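In the numbering used here, the protein residues as written are 518 to 1223. Contents: one structure, followed by commentary.
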């Protein structure tokens, strides 16, 4: 009795949602009516009658419930019996709702043929009397409908709940989606009974699918999978509606788990030869299975996006999270036809493309589940273990996460959901820094472009990464000779060539000619400003970052080819170009340029050496203290936040405050206000660990009180 009451309550909640759903939400209608039918099968002697009674009550209580589509959906999914609705429909036909009763007959008996006219005798009789009362002319259309309904019953309905080819063929022509839905429901019910019986029974079921032509990978297969996805997610969501008010919904994931297994078996079936045919060659088998896996994931992405758009704030991401996480766990072991390194790589690549399709920028309501999926132990370590394929795709996933939080991070105060999301992204980067620092090293340029300027700690985290095989020298070592370090001559490995970060081919050519031949810096700067500036004002931050990095990479390559020391190379073309840019841009442009330089102050390598020399030279040669103050600001912003701090940043700042050449402590901005003065002293003490801070007179010391 308790089970029957629970099933009835859940079915009635799903019915209420069905009646409240907007007419345009057709996929929601089908899913909810199927959920009602599922609960009805748990208690077939009680639930269908309860549903029929509630439906009739809704008709009498609210005329807005008099919509034919939900009624046809309920009849089609066998959630209610036609005999239980016949008398109420007849009463409506006798009254002023003739049109509603007629539309139900048209949809159920003529268009979709889910019931026959003989199952609705009272309704047919009432509509016949209404047609007679309307007389000739006005009643002709009603009489034609009654004839069509009786004729459809005599011809017999299509086997919508069987695996016959007629329904599938009609649906493929676009004329019988209902038939395919009925077929999908029947197949899924059969699969739910079969898939727990072991591989043998599952293989036999897949053979039936193959014989029915449902694993060909064509349009019918896609639509069938989409219908099954709608059914299983609707069933899962509806199962939580019986939870007590105020308590977290306890969902039943049985239907979702069954669909996840079915989809993978469909992938397996696609790679198998038809019964009686010779086995496919391994390469063709793998190609077919890979193509079907891509199609399955594409269907899942389309279904999720459509569901999220339709449901809005009411979207429940948990069924999709369960589905995708199950696929991620099963992919490398359960999918026959995708064996071997290449097969596993394709499976991971397809899963990554699925995650890119449903990224938070496209489906914000899926953001938390998405981040959990991307960082899962079933996905992230496997992607990072495959440098050739996985790193590029995983970089795009990390960039998409950064771009999602970027607009909110510019606000004065984060909302609580966005704060949680930001912390999640930060933790993912911390895991990457610990487990695969080379991934951050090689992709630092893309990540810095995606991280807003205000997120100093996030950027520091990326720039603090260094190759696992490297032993990082202590930046606080007294009299550290950076140019004597063996690592300082090595060019850092990057995921893309620096020249690809400069979009203009003409500008790249000019930069190369300038570094190799000298001269022409004024024209290069003029052309660069056209690219770096926005038409409406402001600057392209990513373009500035790419320009600065490519210029430095060219200088390092040219210096190593000529045997020139890096400090000397920094004083050549790069210094001339940067000096002119600093003179010609405004304060905002200078700030972005100095940040682009500071982005390359990383672990010991040739780029860090060159950009450190370049930044310190710009400080030394600056024509105004405002430029020196801005360089100091960029460095200081990155030092006053919590650790980690990039090695190159620490070394450069220590050199700046200790070397008398730069007369750092003689600058007015270091003592323009007491709080600024204390800040510089505090940072200086932290950086040099109590050693001599040098400079012109060193930092100001407190005077004894007289």
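Idealized CB from N, CA, C, for every residue including glycine. Since the structure is predicted, the reported quantities are computational estimates derived from the model, not experimental observations.
Among the options, nearest to residue i - alpha-carbon criterion
i            : options                 : result
residue 861  : 552, 1133, 569 and 896  : 896
residue 525  : 537, 579 and 554        : 554
residue 1236 : 1181, 1175 and 1160     : In the structure as shown, the chain starts at 518 and stops at 1223, and residue 1236 therefore has no counterpart that could be examined.
residue 1005 : 529, 867 and 1119       : 1119
residue 1075 : 1162, 1035 and 932      : 1035
residue 710  : 771, 754, 757 and 738   : 771
residue 957  : 971, 1013, 934 and 1007 : 1013
residue 516  : 1010, 1065 and 1030     : Nothing can be reported for residue 516, as the shown portion of the chain is limited to 518 through 1223.
residue 945  : 1163, 911 and 970       : 911
residue 872  : 859, 882, 916 and 887   : 887
Short Cβ contact (8 Å threshold) for residue i with residue j
i            : j            : result
residue 787  : residue 717  : no
residue 1127 : residue 1073 : yes
residue 783  : residue 809  : yes
residue 918  : residue 890  : no
residue 1134 : residue 1092 : yes
residue 950  : residue 978  : yes
residue 596  : residue 561  : no
residue 625  : residue 592  : yes
residue 1027 : residue 1069 : no
residue 832  : residue 877  : no
residue 1002 : residue 1121 : yes
residue 551  : residue 752  : yes
residue 816  : residue 746  : yes
residue 622  : residue 602  : no
residue 1287 : residue 529  : Since the first residue shown for the chain is 518 and the last is 1223, residue 1287 is missing from the structure and cannot be characterised.
residue 1057 : residue 1018 : no
residue 741  : residue 756  : no
residue 1071 : residue 1021 : no
residue 1151 : residue 1108 : yes
residue 1130 : residue 1163 : no
residue 527  : residue 556  : yes
residue 883  : residue 821  : yes
residue 1060 : residue 1048 : yes
residue 990  : residue 1167 : no
residue 824  : residue 750  : yes
CA-to-CA distance, residue j to residue i, given in whole angstroms
i            : j            : result
residue 683  : residue 875  : Note that residue 683 scores 28 on pLDDT, short of 50, meaning its location in the model is unreliable; the coordinates nonetheless yield the value given after this. Those two C-alpha atoms are separated by around 35 Å.
residue 1149 : residue 1043 : 27 Å
residue 928  : residue 777  : 40 Å
residue 674  : residue 664  : Confidence is the limiting factor: at residue 674 the pLDDT is only 33, short of 50, which leaves the residue's position unreliable, though a coordinate-based value still follows. Computed Cα separation, rounded: 15 Å.
residue 1176 : residue 1136 : 12 Å
residue 1032 : residue 840  : 54 Å
residue 936  : residue 1087 : 41 Å
residue 931  : residue 925  : 7 Å
residue 599  : residue 638  : 10 Å
residue 803  : residue 630  : 41 Å
residue 985  : residue 1153 : 27 Å
residue 614  : residue 587  : 16 Å
residue 953  : residue 983  : 10 Å
residue 870  : residue 879  : 13 Å
residue 904  : residue 913  : 14 Å
residue 851  : residue 536  : Because the pLDDT of residue 851 is 47, which lies under 50, any placement of that residue in the model is unreliable, and the number read from its coordinates should be weighed accordingly. Cα to Cα, the separation comes out at about 40 Å.
residue 1207 : residue 1143 : Unreliable placement is indicated for residue 1207, whose pLDDT of 41 sits below 50; no coordinate value is reported for it.
residue 649  : residue 656  : 7 Å
residue 1203 : residue 973  : 18 Å
residue 1125 : residue 999  : 10 Å
residue 707  : residue 965  : 52 Å
Chain C within 8 Å of residue i, Cβ atoms only
i            : result
residue 1178 : Absent here is chain C; the protein component of the structure consists of one chain.
Residue interval of the alpha helix (DSSP H) (run including residue i)
i            : result
residue 1169 : 1164 to 1175
residue 638  : 638 to 651
residue 1118 : Taken as a continuous stretch (DSSP letters only), residue 1118 belongs to no alpha helix (DSSP H), as it is neither H nor E.
residue 749  : 736 to 756
residue 955  : 954 to 959
residue 1044 : 1038 to 1049
residue 1103 : Counting along the chain, residue 1103 falls outside any alpha helix (DSSP H), and DSSP gives it neither H nor E.
residue 1077 : 1058 to 1079
residue 1157 : Careful: residue 1157 lies outside any alpha helix (DSSP H) and carries neither H nor E.
residue 1020 : Careful: residue 1020 lies outside any alpha helix (DSSP H) and carries neither H nor E.
residue 771  : 771 to 787
residue 974  : 973 to 980
### Contiguous alpha helix (DSSP H) assignments of at least 4 residues, all confined to the segment 560 to 596
564 to 578 and 585 to 593
### Query
Which ranges does the alpha helix (DSSP H) cover as unbroken runs of at least 4 residues, wholly within the segment 882 to 939, from first to last along the chain?
884 to 891, 897 to 902 and 904 to 926
#### Entry: Every unbroken alpha helix (DSSP H) within the segment 705 to 736, with a cutoff of 4 residues, ordered by chain
716 to 728
### Message
Restricting to runs no shorter than 4 residues, where is the alpha helix (DSSP H) found entirely within the segment 809 to 860?
### Response
835 to 851
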